[in-house]
Amino acid sequence: MSDAVIFAQWNAARRLLERGARTTFTESAGLGLLDRMATWFEQDHKPADDQVTAALWHACRGGQLQAAQFLIGKGANINWVGWDKIAPLDGALQSGNQELVAWLQHQGAKRACEL
-8 MSDAVIFAQW NAARRLLERG ARTTFTESAG LGLLDRMATW FEQDHKPADD QVTAALWHAC
52 RGGQLQAAQF LIGKGANINW VGWDKIAPLD GALQSGNQEL VAWLQHQGAK RACEL
């Protein structure tokens, strides 16, 4: 599952999920699994701020608007430049989800080259 999400192989990740694969917090975000993401915040050891921000990066790269909205509500850094030197907005642009792109821009998100 990790490689499928990291390399944006969404069909493979969904197939693994269908076959019962477990997901980490960030993998859940990349796949838009809000129910799984929410359970992480119900535990005694909630995700750290950097984990929430990394999860936002994955959600945007996966084109997951609702996951991104959830994570921004949990304090994710909307302008963090992560792996491959891209910010969440860059990942959303790569995903092709124009609704997510517009929402991020409305929230003040910038591309990595603008930061």
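Each residue of the sequence shown is one higher than the one before, counting from -8 in our numbering. C-beta: ideal position from N, C-alpha, C; glycine also.
Item: Secondary structure of D35, DSSP reduced to three states; Value: coil
Item: Rounded straight-line distance, which links the Cα of A67 to that of T44; Value: 4 Å
Item: For S86 and A39, the rounded distance between their alpha carbons; Value: 26 Å
Item: Given T15 as reference, the closest of W71, N2, H49 once Cα atoms are compared; Value: H49
Item: CB-CB length for A46 against A78, believed under 8 Å; Value: That belief does not hold up - the Cβ atoms of A46 and A78 are roughly 14 Å apart, past 8 Å.
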